[in-house]
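If you read the protein sequences in the order shown, they are chains A and P.
Under numbering that gives the first Met the number 0, the residues of the first sequence are numbered 0 to 224, in order.
Under numbering that gives the first Met the number 0, the residues of the second sequence are numbered 0 to 266, in order.
Written out below as structure tokens is the structure these notes cover.
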Amino acid sequence: MGTVAPIRMSTDTPDVMLTLAQWFSPAFPIGAFSFSHGLESLVETDEIRAAEDVEAWLNSVLNYGAGRNDVILMAASFRASSTEEIKEVDALARALSPSKERLLETEVQGEAFIRTINEVWGSDLPPLCYPVAIGASARTCGMPLHETACMYLHALTSSLVSAAIRIVPLGQTEGQSIVRTLAPLCDQLGSTYIDESLEAIGSSSFIGDIASMTHEDQYSRMFRS
Amino acid sequence: MPRQPRALGRLRVSSKARGERSVLDDLYQSGASKALLPRVSGRALTAVSLNTAGGITGGDRFDATISAGENSRLTMTTQAAERIYRAQPGEIGRMSTRLSVADGARIDWLPQETILFDHCAFERRLSAEITGNGRLLLVEPVLAGRRASREEVRTARFSDHYEIRRDGELVFADATRLTGDVAGHLDERFIAGGARAFASVVYVADDAESFLAPLKELMPERGGVSLIRPGVLFARLLAADGYLLRQSLVPVIERLQDAPIPRTWTI
């Protein structure tokens, strides 16, 4: 298998901040708006009814669920020395999905992310699931891992808060308060977990996993997960 | 503080087909690991593993290699629940298991509960390789403390990793990690909502999809099941304690096994 394309720190690319703002903008076409990560199921069962519930749920997702693991997977993908190694990280990331819809969530977003990166940045990355796609793209496009990880967690938080605004429902301002409250956590987790190896992968968000399973049978659904 | 003596155990069990039945192909046991081979009806060979050290503490090391040869069926269970006792600071108990399922074979991995005690430190890894249309059922119930005895796990370190490959392709992985105040953590609403017992059930087989609807019917209030991808069925179950976990878990196992639960579970 080929090696990873050399890091392209060309002078004609916009700076890091603007590139990452573009990648993690809701306008970047990965379809994040169609996934709720099990939130819709927790709303249906009345476990989430207000802003404080959404914040507590996001705390668990970030600290003990996909947030933590995604950063570790992203870092492993970023550091991979060959396409073969990236594909191994990708296989692990997919295999770790606890349900059909969580697998769909990471595959659909990752493949759309890679498609856009390949078209716009001229890279030649294979289809990858979302955190692995971000790690490989950051490496290929010369983005720093730490900032990429923090921006990713922040985007995940924002996207799930947007879902909450639609279905809990929450007010826009309440939603933005949650994002602001959780921003330091995104920064802290992004800093902590980029240095971990794949050995540190692990979660304990049992209720969230179960919610993503029971969502499959939910009668009325706005979201694909 | 003097170091505790370490328990070491190695176990190797394999089955082979003989006509319609499955029989022992190879058995190796050393240290604290033993296997009993009770006579049971049905076509599977049943092996019951036993930890003669009576539990696992920091520094202990257990390794098992379990194989089902072509067209044979092997059911593995344990004599009793596995108790993970207090570890000395800096010491970790480890258990490593490799399962290998040949074409046309089946392994049912059905240990009884693993019970975590306060101050335990335990790392467990299981990797399975399935060839062709081999089938694997994996069930792992875990209890944090014993609610009936009012024992809570206030500080511990537990990690549990699973990897299942089918014809070389990684088709399932799960990694549970609990550190620090486990009881407090499990009380969180979006972690385990106060549960002290949890179980993972994985069934990898060509006919996995046919069990999805029946298992959905058997899920407890806090449980879910999903056909994550073709041939891979995964369920997570939570319960307040070990007794309630068994009430929902045993029917699930019996449905997936198409046979009664191993007798050690019921005595």
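Don't be surprised by glycine CBs; every beta carbon is placed ideally from N, CA and C.
Contact between residue 199 of chain P and residue 98 of chain A does not hold, since their C-beta atoms are separated by about 13 Å, which reaches or exceeds 8 Å.
At a cut-off of 8 Å, the C-beta of residue 200 of chain A has a neighbouring C-beta in chain P.
Residue 69 of chain P and residue 210 of chain P have their C-alpha atoms spaced approximately 24 Å apart.
Taking 8 Å as the cut-off, the Cβ atoms of residue 52 of chain P and residue 31 of chain P count as close.
P/255 is the residue among P/19, P/13 and P/255 whose C-alpha sits nearest the C-alpha of residue 212 of chain P.
8 Å or more divides the Cβ of residue 19 of chain A from the Cβ of residue 152 of chain A.
With distances taken between CA atoms, residue 34 of chain A lies nearest to A/163 out of A/163, A/203 and A/84. Residue pairing by DSSP places residue 28 of chain P opposite P/10 in a beta bridge. In this structure the segment 247 to 266 of chain P does not lie against the segment 89 to 97 of chain P, because fewer than three pairs of beta carbons, one per stretch, are closer than 8 Å. Proximity of chain A to residue 184 of chain P at the Cβ level (cut-off 9 Å) is accounted for by 63 and 203, in chain order. Between residue 185 of chain P and residue 143 of chain P, the C-beta gap is smaller than 8 Å, which places the two residues in contact.
Around residue 135 of chain P, no beta-carbon contact reaches into chain A at under 8 Å, the shortest distance being about 14 Å. Interface flag for residue 241 of chain P against chain A is unset, since no Cβ pair is found closer than 8 Å. Nearest to residue 196 of chain P by C-alpha distance, out of P/263, P/105, P/27 and P/115, is P/115.
Under the 8 Å criterion on CB atoms, residue 150 of chain A is classed as non-interfacial with respect to chain P. Between residue 103 of chain A and residue 220 of chain A, the C-beta gap is not smaller than 8 Å, which leaves the two residues out of contact. Residues 142, 143 and 146 of the same chain have their beta carbon placed closer than 7 Å to that of residue 15 of chain A, with the five preceding and five following residues left out of the count.
In the DSSP assignment, residue 184 of chain P falls within the alpha helix (DSSP H) that extends over 181 to 186. Straight through space, the alpha carbons of residue 75 of chain P and residue 136 of chain P are spaced by roughly 10 Å. Under the Cβ criterion of 8 Å, residue 116 of chain P is not counted among the residues facing chain A. Chain-order list of chain A residues neighbouring residue 227 of chain P: 96, 98, 99 and 102, by C-beta distance under 7 Å. Along the segment 21 to 100 of chain P, the beta strand (DSSP E) occurs as fully enclosed runs of 3 or more residues at 32 to 35, 44 to 50, 60 to 67, 72 to 77, 81 to 83 and 92 to 100, listed in sequence order. With respect to residue 94 of chain A, residue 172 of chain P sits close: the two C-beta atoms are nearer than 8 Å. Between the alpha carbons of residue 204 of chain A and residue 42 of chain A lies a gap of roughly 17 Å. Boundaries of the alpha helix (DSSP H) harbouring residue 120 of chain A: 99 to 120, taken from the DSSP string.
Judged by their CB atoms, residue 207 of chain A and residue 96 of chain A are not nearer to each other than the 8 Å cut-off.
The alpha-carbon of residue 119 of chain A is positioned some 11 Å away from that of residue 140 of chain A.
Counting C-beta atoms within 10 angstroms of its own C-beta, residue 32 of chain A has fewer than 16 neighbours from the protein chains shown and is therefore classed as exposed.
The segment 72 to 91 of chain A and the segment 146 to 158 of chain P do not touch, with fewer than three beta-carbon pairs separated by less than 8 Å.
In the three-state scheme derived from DSSP, where H, G and I count as helix and E and B as strand, residue 142 of chain P is classed as strand. Rounded to the nearest whole angstrom, the CA to CA distance from residue 188 of chain A to residue 181 of chain A is 11 Å. Counted as a single uninterrupted DSSP element, the stretch harbouring residue 204 of chain P is not any beta strand (DSSP E), since DSSP gives it neither H nor E. In this structure, residue 48 of chain P lies near residue 77 of chain P, with their beta-carbon atoms less than 8 Å apart. Of the candidates A/130, A/100 and A/24, A/130 places its Cα closest to the Cα of residue 86 of chain A. Membership of residue 122 of chain P in any alpha helix (DSSP H) is not indicated; the residue belongs instead to the beta strand (DSSP E) covering 120 to 129. The residue from P/113, P/43, P/120 and P/232 with its alpha-carbon nearest to that of residue 163 of chain P is P/232.
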